[in-house]
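A.B. asks:
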Amino acid sequence: MNPANYIVLSAVLFSIGAIGVLVRRNAIVVFMCVELMLNAANLAFVAFARMNGNLDGQVVAFFVMVVAAAEVVVGLAIIVQIFRTRRSASIDEPNLLKY
Amino acid sequence: MSAPAFGMHLADVVPFNLPSIDYRLIAPILILMGAGLLSVLVEAFIPRRGRRPVQLIVVFVALLAAFAMVLAAAGSRAVTAEGSIAIDGPGLLLQGTLLLVALLAAMLMAERMVDPSGDAFAPRASTLPGSEDERQFTQRGYLQTEIWPLFCFSVSGMLLFVVSNDLLIMFVALEIMSLPLYLLAGMARRRRLLSQEAAMKYFLLGALSSAFFLYGSALLYGFSGSIDLPVIADQITAKPSQSWLLMIGAAFVLIGLLFKVGAVPFHQWVPDVYQGSPTPVTGFMAATVKIAAFGALLRVLYVALGGLQWDWAPMLWIIAILTMVVGSVIAITQTDIKRMLAYSSIAQAGFILVGVVAATREGLASALFYLIAYAFTTIGAFAVIAMARDSSGEATHLSRWAGLGRKSPIVATAFTIFMLALAGIPLTSGFIAKFSVFTAAIAAGDTWLVIVAVLASLVAAFFYLRVVVLMFFAEPGPETATVAVPSVFTTVALAAGATVTVVLGVVPQPVLEMVANADVFIR
Amino acid sequence: MSEGINLGETIVFWVCAGLATLGALGLVLSRKAVHSALWMALTMINLAILYVANSAPFLGMVQVIVYTGAVMMLFLFVLMVVGVDASDSLIETIKGQRAAGVLLGLALGVLMVWGIGSALAGVAPAGLERANEIDGGNVQGIARMIFTDYLVAFEATSALLITAAMGAMVLAHRERWAARPTQEQLSKARFLSGEHPGNKPSPGIYARHNAVDTPALLPDGTPSELSVPRPLRARGDVRPVDHADMTEIAEIEEVDAT
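Chains as they are written, first to last, in our numbering: chain F, 325 to 423; chain D, 5 to 527; chain B, 801 to 1058.
What follows is the structure in structure tokens.
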């Protein structure tokens, strides 16, 4: 097997994630698709680390996990806040931002 | 693969060498991070009534101290922290500008006079809009002082972003800069649903852009075996055949950065986020994120991808044209002043890109000058927008600005200065900025690009001047917004913005010399 | 010393790659957000196995702990808070946007797969044996780099984590502006309101099942709306009552009455 297959797999996952971001409308699902893209990048880093023969890629992947965890917290907090507001009866100006 | 038990082979292991870090050079970043930590502690231990003054002292002292450290480091050129941070002319110049602009933005955020019920932020962001809780907190005069630690962390991320010398630290800095901004964008006191939607949009598109940046970094790492920008540059020259890894990787990294810059076609978030965020935050990010993102973009282009110039220049050519034209043309149709300035900021990003595309020392210097001029003008313009109000909050519809010049001539004059500067009229900083960018581009042979840029700035001048005409040549009616009397904070920020805009237009020479001396990135 | 890829790894790769891709497709194609989250978890676990196969055992573990353990659980938790029925509407806000999105994404995918595939054809991996040997192991090697070469990045991530904690607190922590009502006040308020002072009826009373979606039956055999949780009612997931039960109960009632 060609070791490049790992990278090709990561490219496939990245593209699926990108399609999801473009196609889905639910904020949480879109966010999960972005997480999928980050995971794809991580896989690429790990596979490249082995191909290049140094550990930098693995270290980067480790950092990305930390960053992604922080990002998830912030993102989900924002999403929960907006869902709560939308569900409450007192929405003064619905659908404000134009697309 | 051998898996030695813990403690075995200790003698064979390479001894642990402490990393060499020049703390003096990264002091500005550390000071802001320390200030962020300190203000978290202030939140925890100081009683609620006393938090605001203490936070303001912490923030302003930290910003000034960091600025002093940047001044002390002026002229240094060094790569420190094991190659992950590069302190050089452009980096220090942008750090200094960032700190000054952040100082003005902090003043806007601290303003409590223009809104009768408090500052620009929700008394408690966790309350539901329109709920009894929200009303009670507003009545009791609660303020969300957690904005200050977030602000400090965001500024520290920006300072790190413009001096980061490898892709990992650049990614981390990008997130440190952005995460607090996503939160701040959703915390407006008025029209909260709009603000929350802005935060969500900003967050989702920001996360998408960092995913692109990251995947691009992965491919560049695959190509070069390193994430250090200078090593990537060496590998590009060492491997003559252009690999697809390099091409796609470079494109993705640039896409990630162009998202932050707000260049077309990656600009979709800009209008909504600028409109929905609390106005001081809009001013803050319009000015500083642009500086930070362009700083990183320039470093990636000049340090890492310098050898690829013939590949990225045409791509940026097209993006610059699209950005200028789309930004200017759509801005004409806007009826909301914050949205109009959002599209204007897109167009301005296009003009800065003209200087970037030139890819010469003059191009770099002119882009740096443009960033400085643009940042101070923008923060001033948003200071005025925060002041034009009616009973329900800010009056951002353009029709509400008709006759404002008759009602409050001083503020309207200041706004006129900013509009003229953004339009690029002589005797303002905007003129010098545009002039130097266009000169650099012509010198680099991009004549056609400059012709498009001149046409776009003519179109742009139309909508900037339209606001001026509306303010001064229309009769004030009952619909005209009133300009709230601000405290010393907004007054100082507004005066500083206007002064810098005029001074850079009349006597630009000192700053022009400064950018000309700071026009080489360290490798 | 180059590291060959043996048959075992080849098999692991194809199985895990297939499952990971399946999970990714499921994430994008599921209509319900909860299903998407579960598909995503599948992808992440398989990625963890692929990391281990790629001589990154440490990252494989971190992936399981951080992503599958923390991040995905957080996603699921938020989905439960927000409401499981939050599914996508099929109405397009802009006509043709979905098709355009798919086309754009596919073009991107084809470009990437083709470009990367052609760039890497025939490249032999250097392998990590030598890199791991320097410090005596994979974990040690990563640790050394984190605390030397990437020390500043490591320290800087603390700002991120604090921001995250801060943000979650600012947006979600609800402060009180008045003293917390005592139990006595609460109980008085409940009676004063005149609505159902006590517990609502539990589901399943007099019914065939005691699952939460089975309504309790009233003495006359009609199902009690109050006994089923509101979200289930809103989603229309209330289990229909067997008609025979109702008549049976009604008959018993009649017998008792006579």
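Ideal Cβ positions, reconstructed from N, Cα and C, are used throughout, including at glycine. Bear in mind that the values here come from a model prediction, so they are computed numbers and not experimental data.
#1: Counting only the same chain and skipping the five closest in sequence on each side, list residues whose C-beta sits under 8 Å from that of residue 406 of chain F.
#2: Can you tell me where the alpha helix (DSSP H) holding residue 853 of chain B begins and where it ends?
#3: Taking 9 Å as the CB-CB limit, is residue 389 of chain D close to chain F?
#4: Tell me the residue span of the alpha helix (DSSP H) that contains residue 276 of chain D.
#5: Determine the DSSP secondary structure at residue 101 of chain D, reduced to helix, strand or coil.
#6: Does the structure place the stretch 335–351 of chain F close enough to the stretch 935–944 of chain B that three or more beta carbon pairs sit under 8 Å?
#7: What did DSSP end up calling residue 955 of chain B once you bin it into helix, strand or coil?
#8: Between the alpha carbons of residue 325 of chain F and residue 818 of chain B, how many angstroms are there, rounded?
#9: Are at least three pairs of beta-carbons, each pair with one atom in the stretch 322–333 of chain D and one in the stretch 224–235 of chain D, less than 8 Å apart?
#10: One question on the structure: do residue 155 of chain D and residue 63 of chain D come within less than 9 Å of each other, judged by their Cβ atoms?
#11: Would you call residue 318 of chain D buried or exposed, if buried means 16 or more other Cβ atoms sit within 10 Å of its Cβ?
#12: Fully enclosed by the stretch 349–390 of chain F, which alpha helix (DSSP H) runs are 4 residues long or longer?
#13: With 9 Å set as the bound, which would you pick, yes or no: does the beta-carbon of residue 358 of chain F sit closer than that to a beta-carbon of chain B?
#14: Using Cβ-Cβ distances below 9 Å, what residues of the stretch 339–351 of chain F are close to chain D?
#15: Any contact between the stretch 20–37 of chain D and the stretch 56–76 of chain D? By contact I mean 3 or more CB pairs, one from each, below 8 Å.
#16: Per DSSP, what kind of secondary structure is residue 1038 of chain B in: helix, strand or coil?
#17: For residue 890 of chain B, which residues from the same chain have a beta carbon less than 7 Å from its beta carbon, with the 5 sequence-adjacent residues on both sides left out?
#18: How big is the Cα-Cα spacing for residue 262 of chain D and residue 166 of chain D?
#19: Residue 189 of chain D and residue 285 of chain D: beta carbons closer than 9 Å?
#20: State the start and end residues of the unbroken beta strand (DSSP E) segment that holds residue 91 of chain D.
#21: Using the Cβ count rule (16 or more neighbours within 10 Å means buried), how would you classify residue 405 of chain D?
#22: In the DSSP output, which residue or residues are listed as bridge partners for residue 1017 of chain B?
#23: Taking residue 530 of chain D and residue 257 of chain D to be in contact with their CB atoms under 8 Å, please state how far apart those CB atoms are, rounded to whole angstroms.
#24: Since residue 37 of chain D meets chain B, which of its residues come closer than 9 Å, beta carbon to beta carbon?
#25: Any beta carbon from chain B within less than 9 Å of residue 385 of chain F's own beta carbon?
#26: Reducing DSSP to helix, strand and coil, say where residue 28 of chain D ends up.
#27: For residue 393 of chain D, report the span of its beta strand (DSSP E) as first-last.
#28: For the stretch 83–111 of chain D, which residues have a CB atom closer than 7 Å to at least one CB atom of chain B, in sequence order?
#29: Determine which residues share a DSSP beta bridge with residue 397 of chain D and list them.
#30: What residues in its chain sit with their C-beta under 7 Å from that of residue 328 of chain D, if we drop five residues either side in the sequence?
#31: For residue 1022 of chain B, does the count of other Cβ atoms within 10 angstroms reach 16, so buried, or fall short, so exposed?
#32: Do we get a CB-CB distance below 9 Å when we pair residue 392 of chain F with the residues of chain B?
#33: So residue 108 of chain D and residue 383 of chain D are in contact, right, with Cβ under 8 Å, and what is the actual spacing, rounded?
#34: In the structure shown, what three-state DSSP assignment does residue 3 of chain D receive?
#35: Under the three-state reduction of DSSP, which class applies to residue 386 of chain D: helix, strand or coil?
#36: Since residue 846 of chain B and residue 816 of chain B are thought to touch, with beta carbons under 8 Å apart, how far apart are those beta carbons, to the nearest angstrom?
C.D. replies: The relevant details are as follows:
#1: Beyond the five residues adjoining it in sequence on each side, residue 406 of chain F comes within less than 8 Å, by CB distance, of 351 in the same chain, given in chain order.
#2: Looking at the DSSP string, the run of the alpha helix (DSSP H) that includes residue 853 of chain B is 833–853.
#3: Judged by the 9 Å Cβ criterion, residue 389 of chain D is not in contact with chain F.
#4: It spans 273–280 - the alpha helix (DSSP H) in which residue 276 of chain D sits, taken as one unbroken run.
#5: helix
#6: Result no; under three Cβ-Cβ pairs closer than 8 Å.
#7: helix
#8: 15 Å
#9: no
#10: yes
#11: By the neighbour-count rule (16 or more Cβ atoms within 10 Å), residue 318 of chain D is not buried but exposed.
#12: 351–376
#13: no
#14: Cβ contacts with chain D come from 341, 342, 345 and 351.
#15: yes
#16: coil
#17: Note that residue 890 of chain B has pLDDT 49, beneath the 50 cutoff, so the model's placement of it is unreliable and the number below is only indicative. Excluding positions up to five away in sequence, the list is empty.
#18: 15 Å
#19: For the 9 Å CB-CB criterion, residue 189 of chain D and residue 285 of chain D form a contact.
#20: 89–91
#21: By the neighbour-count definition (other C-beta atoms within 10 Å, threshold 16), residue 405 of chain D is a buried residue.
#22: B:1023
#23: With chain D covering only 5 through 527, there is no way to say anything about residue 530 of chain D.
#24: By Cβ distance, chain B contributes 955, 956, 958 and 959.
#25: Cβ-Cβ to chain B under 9 Å: yes for residue 385 of chain F.
#26: coil
#27: In the DSSP assignment, residue 393 of chain D falls within the unbroken beta strand (DSSP E) covering 392–394.
#28: Those residues of the stretch 83–111 of chain D that come within reach of chain B (Cβ to Cβ, closer than 7 Å) are 85, 86, 88 and 89.
#29: For residue 397 of chain D, which the question treats as bridged, DSSP gives the partners D:394.
#30: 351, 354, 355, 456, 457 and 460
#31: exposed
#32: Taking Cβ atoms only, chain B reaches closer than 9 Å to residue 392 of chain F, which makes this a yes.
#33: 5 Å
#34: No answer is possible for residue 3 of chain D: the residues shown for chain D start at 5 and end at 527.
#35: helix
#36: 4 Å
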